[in-house]
Each structure stands twice: as structure tokens, then as C-alpha cells.
Amino acid sequence: MTIIFCLLPVVQGCQTSKPKVAIPEMRPALPKVTEKSAVAPPEIATAAAPIRRREAAVDSTMVDYGLLSLHDRLMQRHKLYQEKQALWQDLDGFMAAMEIEDERPAGWQQCLLNIDNTVVAYGRLADSFGEAGSVDPVAQGEALFYDLEYLQGGCEKVYLAGKKGMEDRQGDFVEVAAEQMERTVVNYANIGRYEAAIAAYRNMIVAYPEYRVTPTTGRLYSLALLRAGRLDEALLFLQSRVEAGAQCENIELRRLYGDLLLIKGDQAKARQNYQALAGYYSEQQSGKQWVDEQLALLTDSPLPKGQLLLFVKLLQSYLLFDGKQVPSGMTDTLTFLEEQAAGSGVLKRARQILWLTEQQAGAWVGRQLVIVDALVAEKEYDQAREVLAQLLAEKELPAEVRRIVLDTRADVLRGQEEELRTQRLLQDQAQAIQWEKALKLFDLRKYDEALAALAPLLETTYDEKARAKIAETVNLVANDLRRQAAALFVKALKTTDPEAKIKLMIESRDLLLLIVEKYPQAENLEKVRMNLAVLEKQMAALVPVPMEGEAGVPRPEEIPGQDLPVDSVPSPLP
Numbered sequence: 110m111t112i113i114f115c116l117l118p119v120v121q122g123c124q125t126s127k128p129k130v131a132i133p134e135m136r137p138a139l140p141k142v143t144e145k146s147a148v149a150p151p152e153i154a155t156a157a158a159p160i161r162r163r164e165a166a167v168d169s170t171m172v173d174y175g176l177l178s179l180h181d182r183l184m185q186r187h188k189l190y191q192e193k194q195a196l197w198q199d200l201d202g203f204m205a206a207m208e209i210e211d212e213r214p215a216g217w218q219q220c221l222l223n224i225d226n227t228v229v230a231y232g233r234l235a236d237s238f239g240e241a242g243s244v245d246p247v248a249q250g251e252a253l254f255y256d257l258e259y260l261q262g263g264c265e266k267v268y269l270a271g272k273k274g275m276e277d278r279q280g281d282f283v284e285v286a287a288e289q290m291e292r293t294v295v296n297y298a299n300i301g302r303y304e305a306a307i308a309a310y311r312n313m314i315v316a317y318p319e320y321r322v323t324p325t326t327g328r329l330y331s332l333a334l335l336r337a338g339r340l341d342e343a344l345l346f347l348q349s350r351v352e353a354g355a356q357c358e359n360i361e362l363r364r365l366y367g368d369l370l371l372i373k374g375d376q377a378k379a380r381q382n383y384q385a386l387a388g389y390y391s392e393q394q395s396g397k398q399w400v401d402e403q404l405a406l407l408t409d410s411p412l413p414k415g416q417l418l419l420f421v422k423l424l425q426s427y428l429l430f431d432g433k434q435v436p437s438g439m440t441d442t443l444t445f446l447e448e449q450a451a452g453s454g455v456l457k458r459a460r461q462i463l464w465l466t467e468q469q470a471g472a473w474v475g476r477q478l479v480i481v482d483a484l485v486a487e488k489e490y491d492q493a494r495e496v497l498a499q500l501l502a503e504k505e506l507p508a509e510v511r512r513i514v515l516d517t518r519a520d521v522l523r524g525q526e527e528e529l530r531t532q533r534l535l536q537d538q539a540q541a542i543q544w545e546k547a548l549k550l551f552d553l554r555k556y557d558e559a560l561a562a563l564a565p566l567l568e569t570t571y572d573e574k575a576r577a578k579i580a581e582t583v584n585l586v587a588n589d590l591r592r593q594a595a596a597l598f599v600k601a602l603k604t605t606d607p608e609a610k611i612k613l614m615i616e617s618r619d620l621l622l623l624i625v626e627k628y629p630q631a632e633n634l635e636k637v638r639m640n641l642a643v644l645e646k647q648m649a650a651l652v653p654v655p656m657e658g659e660a661g662v663p664r665p666e667e668i669p670g671q672d673l674p675v676d677s678v679p680s681p682l683p
């Protein structure tokens, strides 16, 4: 009994000095993260930051235990383990989200169980305090038992090994997380949510300043700024990208930079930009003709102000073009330009831009139907129908094109119906296999696995049979656990060793509590509760409460089999 009740100097005052130990700020224990999807990739990539903050909190306050009452000492101990539990659960959840569960160090699961048991035991101890500060000896013995299990299990080293493994792998996820945020920028820009695209881009570069954003995404971000009415910001961004990157890697950005300079009215700087860019296009690149035509427009002399304003208006309409319908103002702008600059190079260039816009608008329906085909191939029928619905919502869709779209929608509906029939057939087959699997596990007495196999069959055609089998399985497991608890109790009554006796009774109690917590629908639950009451009464009669300073109580450093500091308190998690 002396080992259990003098395990911690903070409990019984066994020490002669006043050791200091780090005590964390009080906080509730966090729920264990078990779903892999609980942590998004950007959070995974920065997972160590909140863990480091909590670890710092554990080591932030030093408390003099020698000045505390027994009640306060136990409460401080409870808070310390709550903080440690939160750290363990956070780290375990991040490992699950990063899908590196197989790389957890040896002893990880046992230490998780030890820390959980210790927190629960101290919680029960806290609930048992009397009005005058008295302590329930049974709850006290249980708390100290689990505390010793954690200390002697080497769990601090296991935690450090797990943390190091996660940090070593963390870098692998930074690139993935940044790419996901970049896809978010592209998606927002493509659906016309320009302010959202701008915000997503800026969040990305703050979160991952070292990430190399693709020129395509940079171009979409620039156009989002332009379409949001922020031309000057777009120019500043493009200027920084052009100056920072290699010329050959920023061709499209530099081309757009020249176009925006022209819209801004800076003909000289636009011409200089196009001249620097022209040599980097090969003859086969599609952008070469655009740059050559723009450069030809600006080579001879500056455009007259009236012609420049009209051309810039038409160019801006092209850059703001959504790819669906030719902006209504482009034709009118070209008409005005024909009146002012008949036969000029600027009129020729304006006609080229309008023709290019019309070609792109004419190809839009074809591109959408290609998207529909790709979605159908991936069995994404609902998304395919959404794309077709958007097409049919266009008021100026030609009659022949509308007929093609309607025929395509009918084909998609037929394909979706056939897929649903196939899925129902496969589902029926899968449920039959699942039922046979559950029965086989039951026959093999693998009851927990059988229960897990039966759970997916609820609310299906197997619901009634699955519920009946679950009830049968639960009762078998509960009866088996109750028999094991009874055997441990009998063994405890027969032993004469006080420490072994209390340990056996705690184990017996844990099995009975497991029935109550895990199998509350068991038919023998009332009997289990009665057994618990009897067992706790026996434990209360067996556990004496030693007084502080009682003679013969060894100091922590005298406890055999321990390699712990004098105060027997584990060092805070690093």
C-alpha cells in the first residue's frame, strides 16, 4: 500500500523539500480526433504551431506544492493531466489526418489509454471531495494507480518520438495544402466570384509565402482584380511578378501586363513591354501573333487620344469577356472607331479583337458539352445536368444549338437512371456479403468486430435482423465481461497482498464500468450496477487513508523500480 499512497508527494506530503512543478492553465480536455477528415490540409501543414503553444502553456507556471492543501494538490495534478491529454489527443488527431497512423511509435496506443484513464480517475476523485475537503479513499487509490501506470510507462518519451515523426513528415503536406488553396483561387475566378478569388489568393501567399504560384493562377488573379475594378492593383501585382521571375516563365503575365498598361493609357511603357517580350515567343506559340499585332499598333507613333480611348474600351471589354456571349458594347465601339479611324491600323486591330471574341463565344457551347461528356464519364450526373441547365438558361442560344443541348440532357437522364439501377443491385449484393461477414465474426466469437459489421446494416433491408443480432451479441459480451469481473473479484478476496488486492478490484471495477459505458443496452445492466455497488463498498473497506507525515511512509526517491525526479512528477511535455 505504501507505493500507491506515497507515489506522489503532491498528494501525501512525503517530501521534505518543496519541489516546483509546471502546472498548466485550466482547460477542458479536448475530444479525441478519430476521423481522418477532421483536419483540413492547410491545418495539417501548420499542425505543430498550436501543439507548441499548448506545450509552452504546460511549462508556463511554477507552483509550490508545499503551500497547497491536499484538495488543491490533487486539483493541480488533475489539471496537469488534462493539459497533457489535450496534447496527446491533438497530436494523435493530426497523425490520423496525415494518414501516418502506422508510423506511430511503439507504446502509443497504451500511453493514450494511460493518459485517458488517469484524467478520468482524477475526475472521479474531484467529484468525490466532501464539503470539509475529505477525500474518498477508493477514488484516491484508483487515481494514484493510473498515475503510476502513466509515469512508469515511459509515455513522455513516446510522446516526443511521435511529435518528431509528425514534424518530419509535415513538410510533405505543405506543397499539397498550398496546391489546394491555389485550386480554390482558380475555382472562384472561373465562376466569377472575383472578390473571393482575390481574398483566397492573398490568404494563400500569407500561409505559404515560399510556394511558387503558377503563372496561370497569377493571370487569373490579375484578371479578377481588373474585373473587380482594381486596375492599379493588378498592374502592381503584374509588375512585381514580371520583375521577380525569369522572363520565359512569365510570358503570359508579361503579355497581360502590356495589355493593362495600354488600358491605363501608358503607350510608351506598353510598347517597351511588348518589345521585350516579342523575342521570347517561338513561331508556334499562340501568344506571338497577339504580341506582334499589339506591337505593330504602337510602333509608328502614339495613337490619337480619341482613337486610343475607343480601342482601350474595346480591349477592356475583351479582357472582361466571360467566354459566353460577345459583350454588347463591343460592336458599337467598333462602329464609332470606324467613323474616326477608317483604314487605320488601330481599326484593323480592333476588328481582329472583335473577331477573336466572336470565335471564342461561338465555341463556348462546344466546350460546355465537352465538360458534360467528361462529367458523365466520371458518373457525375448531377453536375452534368447543372452545366446543361446553365446552357439552356442562356436567352440568345440559337434554336439548333438548343435542340442539341436538350438531346444531350435526355441522354444524361437515361444514363443516370441506368446507373442508379446498377448501384441498387450492387448495394443489395454488398449488404448480403456484409451480413454473412457479421455472422461469421459472431461464430468466431469476435463480438466487437461483429457489432462493427452489423452497424452499417441498420436502416437497410437487413435492419430487423441486424438489430436482433446486435442485441444478442451485446448480451453475450456483457455476460462474458461480468464473468471476468467476478473472477477478478474472487481472486482479490483470496489474496493477502493489499496492493494486489486493490489492483484486482480496480481491474474488476473497470470491466463492470466498461459494460455500463460501452454496452448500455445489455439485459444484465441492473445486475452490473448492483455488482459495482458491492465492489465499491469492499474497496472502501480495504483502503486506509494515511495521514500526512505518517511514520514509515517512504519518500518518492525510495520507491523501488522508478527512475523519476525527487518530486515524482513527470516533466512537462516539451
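Here the sequence shown stands for residues 110 to 683, numbered as in our numbering.
Virtual Cβ for every residue (Gly too), placed ideally from N, Cα, C.
Do you know offhand how far residue i's Cα is from residue j's?
i, j, result
"Glu265", "Leu234", "24 Å"
"Leu332", "Arg518", "33 Å"
"Ala377", "Gly338", "23 Å"
"Asp552", "Glu545", "11 Å"
"Met204", "Tyr383", "51 Å"
"Leu497", "Leu478", "8 Å"
"Val521", "Ser437", "33 Å"
"Ala405", "Ile300", "34 Å"
"Gln289", "Val283", "10 Å"
"Ala387", "Gly415", "27 Å"
"Gln630", "Ala493", "46 Å"
"Leu345", "Gly367", "12 Å"
"Ala306", "Ala472", "25 Å"
"Asn312", "Leu347", "18 Å"
"Gln218", "Ile209", "14 Å"
"Asp181", "Ser243", "12 Å"
"Val172", "Phe238", "Below a pLDDT of 50, predicted positions are generally treated as unreliable, and Val172, at 48, falls in that range; the measurement from the model is reported next regardless. When rounded, the distance between both Cα atoms is 22 Å."
"Val510", "Gln434", "14 Å"
Please list the terminal residues of the continuous alpha helix (DSSP H) segment that includes residue i.
i, result
"Met614", "Pro607 to Lys627"
"Val247", "Pro246 to Gln261"
"Pro318", "That residue, Pro318, is in no alpha helix (DSSP H); it is neither H nor E in DSSP."
"Asp368", "Ile360 to Lys373"
"Arg339", "It is not in any alpha helix (DSSP H) - Arg339 carries neither H nor E in the DSSP assignment."
"Phe203", "Leu179 to Ala206"
"Thr227", "Trp217 to Asp236"
"Arg213", "Note, Arg213: premise wrong, no alpha helix (DSSP H); not H, not E."
"Asn640", "Leu634 to Leu651"
"Gln499", "Tyr490 to Leu501"
"Ile300", "Careful: Ile300 lies outside any alpha helix (DSSP H) and carries neither H nor E."
"Thr466", "Gly454 to Gly471"
Which residue's Cα is closest to the Cα of residue i: the options?
i, options, result
"Pro214", "Tyr317, Leu200, Ala206 and Thr227", "Leu200"
"Ala232", "Asn296, Leu613, Leu370 and Arg186", "In the sequence as displayed, the identity of residue 232 is Gly instead of Ala. Closest by alpha carbon: Arg186."
"Ala502", "Val474, Arg321, Ala631 and Leu641", "Val474"
"Asn223", "Tyr259, Glu558, Leu563 and Tyr628", "Tyr259"
"Val625", "Lys188, Glu251, Asn640 and Gln525", "Asn640"
"Glu447", "Phe420, Leu253, Leu622 and Glu212", "Phe420"
"Leu362", "Lys373, Asp375, Val322 and Gly374", "Val322"
"Pro565", "Gln540, Thr582 and Lys549", "Gln540"
"Tyr297", "Val285, Ala286 and Tyr310", "Tyr310"
"Asp225", "Trp197, Gly216 and Arg511", "Trp197"
"Asp516", "Glu527, Cys220, Arg533 and Asp482", "Asp482"
"Leu644", "Tyr628, Asn633, Ser617 and Leu463", "Ser617"
"Glu581", "Leu597, Glu632 and Leu529", "Glu632"
"Glu608", "Asn588, Asp211 and Phe254", "Phe254"
"Asn92", "Ile542, Arg533, Gln532 and Val637", "In the structure as shown, the chain begins at 110 and stops at 683. Residue 92 is therefore absent and cannot be evaluated."
"Lys578", "Gly216, Leu347, Glu558 and Thr466", "Glu558"
"Leu329", "Phe238, Ala308, Glu319 and Tyr317", "Ala308"
"Ala587", "Asp606, Arg554 and Gln538", "Arg554"
"Ala316", "Val285, Leu417 and Tyr268", "Val285"
Please list, in chain order, all residues of the same chain as residue i whose beta carbon is under 7 Å from its beta carbon, the five residues on each side excluded.
i, result
"Lys610", "Ala601, Thr604 and Leu651"
"Lys422", "Thr442"
"Leu456", "Leu446, Glu447 and Ala450"
"Leu623", "Leu590"
"Ala575", "Leu563, Leu566 and Leu567"
"Tyr303", "Ala333, Arg336 and Ala337"
"Val514", "Leu497, Leu500 and Leu501"
Spatial neighbours of residue i within its chain, please: C-beta separation below 6 Å, excluding the five flanking residues on both sides.
i, result
"Glu104", "In the structure as shown, the chain starts at 110 and stops at 683, and residue 104 therefore has no counterpart that could be examined."
In chain order, what residues of the same chain have a beta carbon less than 8 Å from the beta carbon of residue i, not counting five sequence neighbours either side?
i, result
"Gln469", "Phe430 and Gly432"
"Thr408", "Arg380"
* Start-end ranges of the alpha helix (DSSP H) lying completely within the region 383-449, minimum 4 residues -> Runs found: 396-408, 414-429 and 437-449.
* Complete runs of the alpha helix (DSSP H) confined to the region 535-574 [at least 4 residues] -> Counting only runs of 4 or more, we get 556-563.
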